[in-house]
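Everything on this sheet refers to the single structure shown next.
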Amino acid sequence: MFCTMVKERSPDRRRELGDFVRALREKLKPSELGLPAGSRRRTPGLRREEMAQLCGLSVTWYTWLEQGRDMSLSAAALARLATALRLGRAERAYLFELADRRDPGHGGVDTDAVPPAVLASVELIAAPAYVLDRSWTARSWNVHAEQLFSGWLDAPDDRNLLRFIFLAPPARSLICDYEERARRVVAEFRADVSAHLDDPAIRLLVEDLGRQSALFRRFWHEHWVMGREGGERTFRHPERGFLRYEQVTFALAGRQDLKLTMLTPAAG
C-alpha cells in the first residue's frame with residue numbers, strides 16, 4: 095500500500111504538485127516509452143491511466159494527485175513516479191520538496207565527481223577556499239587553503255573536516271577558541287545532515303568520532319542545532335601567526351551535496 099490519506103496540507107502546495115506532475119506527463123511522448131501513439135488521443139503526452147500503470151499506482155490515486163487532493167504518496171511511490179516522468183536532478187528534488195518527502199534515491203553521500211568548472215573556480219580564488227561534500231569531507235581546495243589547514247588538506251587520505259577538528263592534534267593549536275568553535279561545528283553538522291542521519295556513511299562517521307573523541311561525543315549528545323553561518327574565524331598559524339578571516343559558505347547549483355567555503359581576510 096503506497097498511498098494514504100493525511101491531515102490537510104497547504105492547498106497551494108498540493109495544487110502546485112498536481113500541476114507540476116500533469117505538465118510533465120503531457121510532455122512525454124508515448125513512442126519514447128514503447129506505447130502506441132495512436133490517432134485518437136485527446137490530450138498531449140501520456141494518459142493518466144498509462145502513467146499510473148508505469149508508476150504502479152491506481153488510476154484513482156494518480157488522478158487525485160494531479161487534482162491536488164489532500165493525500166500523500168510514499169517516498170517509494172514518488173521515486174517510481176520520478177523515474178517514469180524521466181526527471182532530472184533539479185526536477186526530482188522539486189517533486190520531493192513539494193510532496194514533503196525525503197528522496198530514497200539520494201539519501202547517501204553523493205560520489206559524483208566535482209564538476210570541472212567548480213574545480214577551476216576554486217583554484218582561481220585568491221583566498222583559502224574548499225568544497226565539502228555531505229559528510230564534510232573536502233573534495234576540492236586551493237593552495238591557500240592547504241597552506242592554512244596543515245594536517246587536514248595536506249593529509250594523504252582522510253580529509254574529513256570533523257575528523258581533523260576532533261582527532262588531529264594540530265587543530266587544537268590552529269583554531270582559536272577551540273572548544274567553542276568545535277561545539278559550533280558539531281551543531282552545524284547536525285543541522286546540515288538532519289535529513290540523512292540514517293545514511294550508513296553518516297552514521298558510521300558519527301559513531302567513529304564518538305568512539306575516538308570524548309569531546310565530540312559530549313557535543314553530539316547536547317543535540318545543539320545551528321545553521322552554517324558566516325562570520326569571523328581566527329587562527330594561530332605556526333608560521334604566519336595570528337590570522338583573521340571572514341567565512342562565507344555557498345551552496346552549489348545542481349549539487350545539493352556540495353558546499354563551497356571561502357575565507358576572505360578580515361578588514362582592519
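Oh and the sequence shown: position 46 is 140 in the working numbering, straight run, nothing missing. Cβ coordinates follow ideal geometry from the N, Cα and C atoms, glycine included.
Simplified DSSP state of Asp204, which is helix, strand or coil: Below a pLDDT of 50, predicted positions are generally treated as unreliable, and Asp204, at 48, falls in that range; no measurement from the model is reported.
Close-in-space but distant-in-sequence residues of the same chain around Leu192 (CB under 7 Å, 5 per side omitted): Excluding residues up to 5 positions away in sequence, Arg107, Glu110, Leu111 and Phe114 lie with their Cβ nearer than 7 Å to the Cβ of Leu192 in the same chain.
Under 9 Å between C-beta atoms of Arg233 and Val208: In terms of Cβ geometry, Arg233 and Val208 form a close pair [threshold 9 Å].
One or two residues paired with Glu340 in a DSSP bridge: Glu326 and Thr358
Segments assigned beta strand (DSSP E), at least 3 residues, entirely inside the region 210–291: Qualifying beta strand (DSSP E) stretches, in chain order: 223–226 and 232–235.
Beta-carbon spacing of Ala221, Met356 below 9 Å: yes
Closest by C-alpha distance to Gly304, when choosing among Ala289, Thr343, Ile259 and Phe336: Ile259
Contacting residues, own chain, Cβ-Cβ under 7 Å from Ala117 (five flanking each side not counted): none
Proximity winner among Asp292, Leu298 and Cys270, relative to Glu326 (alpha-carbon distances): Measuring from the Cα of Glu326, the nearest candidate turns out to be Cys270.
Cβ separation of Trp314 and Val300, assumed to be a contact under 8 Å, to the nearest whole Å: 7 Å
Distance between Thr231 and Ile296 (C-alpha atoms, nearest Å): 11 Å
Leu346 and Tyr224 closer than 9 Å at C-beta: It is not a contact, given that the beta carbons lie outside the stated cut-off.
Start-end ranges of the beta strand (DSSP E) lying completely within the region 147–178, minimum 3 residues: 165–167
Beta-carbon spacing of Arg186, Glu160 below 9 Å: No, they are not a contact pair.
Beta-carbon proximity of Ala170 to Pro198, cut-off 9 Å: yes
Cβ pair Leu122, Met145 closer than 9 Å: yes
Test item: CB-CB of Arg174 and Leu140 under 9 Å: no
Local conformation of Ala347 per DSSP, three classes: coil
Which listed residue (Pro124, Cys149 and His238) has its alpha carbon closest to that of Pro138: Residue Pro124 is the option with its Cα nearest to Pro138.
Proximity of Leu268 and Pro332 at Cβ, strictly below 9 Å: yes
Within 9 Å, strictly: CB atoms of Ala265 and Glu316: no
Which residues DSSP lists as bridging Gly335, in chain order: His331
Length of the line joining the Cα atoms of Trp239 and Trp155: Checking the sequence, you will find Ala at residue 239 rather than Trp. Ala239 and Trp155: Cα-Cα distance of roughly 53 Å.
Three-way DSSP call (helix, strand, coil) for Leu192 in this model: helix
Counterpart residues of Lys353 in DSSP-defined beta bridges: Leu226 and Ala345
Residue environment, Leu226, which counts as buried when at least 16 other CB atoms sit within 10 Å: buried
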